[in-house]
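Structure, as structure tokens:
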Amino acid sequence: MIDNRKFLRELIALRSVNPAFLPSGDAAAGEQRVAEFVAATATRAGLDVELQTVAPGRTNVIARLTPRSRVRHRVLLVPHLDTVPANDPAQYVPSTEDGRLYGRGSCDTKGSVAAMLSALSALTGPRRRPESTEIVFAGVVDEEDVQAGSRALVQSGIKADLAIVGEPTRLQVVTANKGNLWLRFETRGRSAHGSRPELGKNAVHAMARVADLLETDYARTLRRRKHRLLGHPTISVGTISGGTQANIVPDRCELTADRRTLPGETEAEVLREVKVLLRRKGLKARLSNAKNADCPPLETDARLPFVRAFMKIAGQSRPLGVHYFCDASVLSKGGIPSVIFGPGDIAQAHTPDEWISLHSLDRAAAMLRQYLESLS
41 MIDNRKFLRE LIALRSVNPA FLPSGDAAAG EQRVAEFVAA TATRAGLDVE LQTVAPGRTN
101 VIARLTPRSR VRHRVLLVPH LDTVPANDPA QYVPSTEDGR LYGRGSCDTK GSVAAMLSAL
161 SALTGPRRRP ESTEIVFAGV VDEEDVQAGS RALVQSGIKA DLAIVGEPTR LQVVTANKGN
221 LWLRFETRGR SAHGSRPELG KNAVHAMARV ADLLETDYAR TLRRRKHRLL GHPTISVGTI
281 SGGTQANIVP DRCELTADRR TLPGETEAEV LREVKVLLRR KGLKARLSNA KNADCPPLET
341 DARLPFVRAF MKIAGQSRPL GVHYFCDASV LSKGGIPSVI FGPGDIAQAH TPDEWISLHS
401 LDRAAAMLRQ YLESLS
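Residue numbers (this note's numbering): 41 to 416.
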């Protein structure tokens, strides 16, 4: 059986920063080092392993535990292998203090990688395997950017009764999350000399009105919508850029905003309602989706048998929701009922001193093992 604490320390020491966030050729970029290490560890544990190419130098790790008889059911364990960058190289060196393991990716989500593979490795003996349920560990790449790994997994045609997606949930089973839509606004104006601004048309000023509308009227409208697990949708202006220098009236400005969506809301509907609002307020701006990937919300029925059984293991009677987006939504849209579960707290993710409680790590491995052992 894999020692999850030792395994996690080794994972942290292998840099696997999403290459979208680093310069080309950076030594910390890419998941391949971790993918190959995870694959080798899973192979030694007795699992059937394959590498699924997602992009050059970027592979998902698929490790299967075949059941004793014909496959009738399938459960997926899906953590992601990539991390965000670290500002200090010391964050790539694992360290332990007061029952906490520090290091980039410790809770987001190398802790889930360690707990899930450790739990699965405990079932590799012939008498411990489920009778008819195949269990598949899928360590995926690119969750922190456009989820290319989980999208490739769906495109491969894999089906399952349940996917447990590894994210730091404080050991709670999460059945719903908000979707994520990045809105891009562009305003156009006319350049002029800064000493004669009346001869131009200021695109930045026009965009300032758009930003104010989003953060006031539109935000108030969204607060009137409610979801029982997720609360209300949100809008947040994230970037604004325009002009070239102070003495030139800017002829172009771009703004991006983060729109978190609820189950039932679609990209098309959001774009349409924002366009109507702009038009009603007499504001002109070109509007588009700043992402090329669909990031829908998640809502999985907690009454499904495989979900209900896992919630019982967690001692949980009610479903929960989270505000962030993750691979679970991609898998769910692909037809795989999905929940989110893992050790650690999202409050520590992406922070300069990211850490995970070792007790939480051990408890996650034990809960997952108990659930997997209960499968028929």
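Here a beta-carbon is modelled for each residue, glycine too, at the ideal position from N, C-alpha and C.
All values derive from a computational prediction rather than experimental measurement.
query	result
Ile42 beta carbon less than 9 Å from that of Leu116	no
Of the listed residues Pro208, Asp291, Val176, Leu269, nearest to Ala246 (C-alpha basis)	Asp291
Stretch-stretch touch, CB-based, cutoff 8 Å, three pairs: the region 255-266 with the region 326-345	no
Euclidean distance between Cα positions of Ser414 and Pro170	8 Å
Pairwise C-alpha distance: Leu141 and Phe47	12 Å
Nearest-angstrom beta carbon gap, Arg299 and Leu223 [assumed within contact, 8 Å]	6 Å
The alpha helix (DSSP H) enclosing Thr81, as first and last residue numbers	72-84
Counted within 10 angstroms of its Cβ, other Cβ atoms place Asn287 as buried (16 or more) or exposed	exposed
Where Lys199 falls: helix, strand or coil (DSSP)	coil
Three-state secondary structure (DSSP) of Ala95	strand
Minimum C-alpha distance to Leu91 - residue among Ala85, Arg84, Arg108, Ala103	Ala103
Opening and closing residue of the beta strand (DSSP E) in which Thr340 lies	From DSSP, Thr340 is part of no beta strand (DSSP E); its letter is neither H nor E.
Alpha carbon of Arg55 to alpha carbon of Ser235, nearest angstrom	52 Å
Per DSSP, the bridge partner or partners of Gly282	Cys293
Rounded straight-line distance, which links the Cα of Pro377 to that of Asn127	36 Å
DSSP-derived helix/strand/coil call for Asp367	helix
Residues of its chain near Gln72, where Cβ-Cβ distance is below 6 Å and the 5 sequence neighbours each way are ignored	Gly97
Coil, strand or helix - Ile102 by DSSP	strand
Sub-9 Å separation of Val362 and Lys218 beta-carbons	yes
Three or more C-beta pairs below 8 Å linking the region 60-79 and the region 304-323	no
Close beta carbons around Thr209, own chain, < 6 Å, minus the five adjacent residues each side	Ile380, Phe381, Gly382
N- and C-terminal bounds of the beta strand (DSSP E) containing Gln44	Looking at the sequence itself, residue 44 is Asn, so the reference to Gln does not match. Where Asn44 is concerned, there is no enclosing beta strand (DSSP E), although the alpha helix (DSSP H) it sits in stretches over 44-53.
CB of Ser190 within 9 Å of CB of Asp367, strictly	yes
C-alpha distance - Asn332 paired with Asn220, whole-angstrom precision	12 Å
Cβ-Cβ distance between Ala259 and Gly278 below 9 Å	no
Euclidean distance between Cα positions of Leu269 and Leu338	11 Å
Expected contact under 8 Å - CB spacing of Ser146 and Ile52 to nearest Å	6 Å
Inter-residue Cα distance where the pair is Gly271 and Gln388	22 Å
Neighbourhood of Asn58 by C-beta distance below 6 Å, restricted to the same chain and skipping five residues each side	Asp122, Glu184, Asp185
Assumed close pair Asn100, Val180 - CB separation to whole angstroms, cut-off 8 Å	5 Å
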